[in-house]
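Novice: Numbering-wise (our numbering), the sequence shown opens with residue 336 and increments by one.
For every residue, glycine included, the Cβ atom is placed at its ideal position computed from N, Cα and C.
Keep in mind it's a predicted model, so treat the numbers as computed, not measured.
What follows is a single structure, and I will ask about it in a moment.
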Amino acid sequence: MSSHSIWQDLPRNTAAVGASGRASVGASIKTILTVRYAAVLLYRISQRAGAISPLLGSMLKQVNQAATGAEVAWQAKIESGLILFHPTGVVIGEHASIGRDCSIQQGVTLGSKYPHKPHECPSVGDSVQIGAGARILGSIDLGDHSIVGANAVVTKDVPAHMIAVGVPATLRAREVDAETQ
């Protein structure tokens, strides 16, 4: 279980709903009431509960899925700053790991390639952007600051600062600026 606070996801999600500058109480409340933040918050709660009782963690995962449409395993390792834009249809497997400050669009799957190998899930680096409908499958790594395009099917490693697009995904160079170095 990660040692960061449940509330460390709030500033990045508040900025994503259009609040500029320092987060006000009103902007924070507006964020907490969004489905995108609810999906992440319910995951964090299920993760903590699952460490105490796996049954409770699984039940809260189901609550999250029913309430937000996101199926996020409580056992997944997800660092702070996650944004699930439109969380409907997002599936994150129990052995998946996601770094800091990642953004995931709707309908994304991070999971195993084969049902008989559920432990072979992706590892996502920091500041990765994953487009709508993408499938990231198997024991692969997405490097820091990489981008996965909409509807891409990724089954091989994506190095840092690269873009993966297409079915099957092919790699393209990404322009690197001061923000992504």
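Taking the alpha-carbon of S438 as reference, which of E406, V459, M394 has the nearest alpha-carbon?
Specialist: Taking the first residue of the sequence shown as 1, we reach residue 438 at position 103. The candidate whose alpha carbon is nearest that of S438 is V459.
Novice: Since L391 is in the alpha helix (DSSP H), which residue starts that stretch and which ends it?
Specialist: Translated into positions along the sequence shown, residue 391 becomes position 56. Its alpha helix (DSSP H) spans residues 389-403.
Novice: Pick from G484, M394, V398, L391: whose alpha carbon is nearest that of V370?
Specialist: By one-based count along the sequence shown, residue 370 stands at place 35. V370 has its Cα closest to that of V398, out of G484, M394, V398, L391.
Novice: Grouping DSSP H, G and I as helix and E and B as strand, with all else coil, what is T444?
Specialist: One-based indexing of the sequence shown puts residue 444 at position 109. T444 falls in the strand class under three-state DSSP.
Novice: Please classify L417 as buried or exposed, where buried requires at least 16 neighbouring CB atoms within 10 angstroms.
Specialist: Position 82 of the sequence shown holds residue 417. Buried is the call here.
Novice: Please name the residue or residues paired with K412 in a DSSP beta bridge.
Specialist: Taking the sequence shown and counting its residues from 1, one reaches residue 412 at position 77. K412 is bridged to S432.
Novice: Between which two residues does the beta strand (DSSP E) containing A499 stretch?
Specialist: Stepping through the sequence shown from its first residue, residue 499 is reached at position 164. First-last of the beta strand (DSSP E) with A499: 497-500.
Novice: Could you spell out where the beta strand (DSSP E) holding L345 opens and where it closes?
Specialist: Taking the sequence shown and counting its residues from 1, one reaches residue 345 at position 10. First-last for L345: 345-351, but that is the alpha helix (DSSP H), not the beta strand (DSSP E).
Novice: Indicate whether V500 and L477 have their beta-carbon atoms separated by less than 8 angstroms.
Specialist: As a first step, residue 500 must be located in the sequence shown, where it is residue number 165. As a first step, residue 477 must be located in the sequence shown, where it is residue number 142. Not a contact, by the Cβ cut-off of 8 angstroms.
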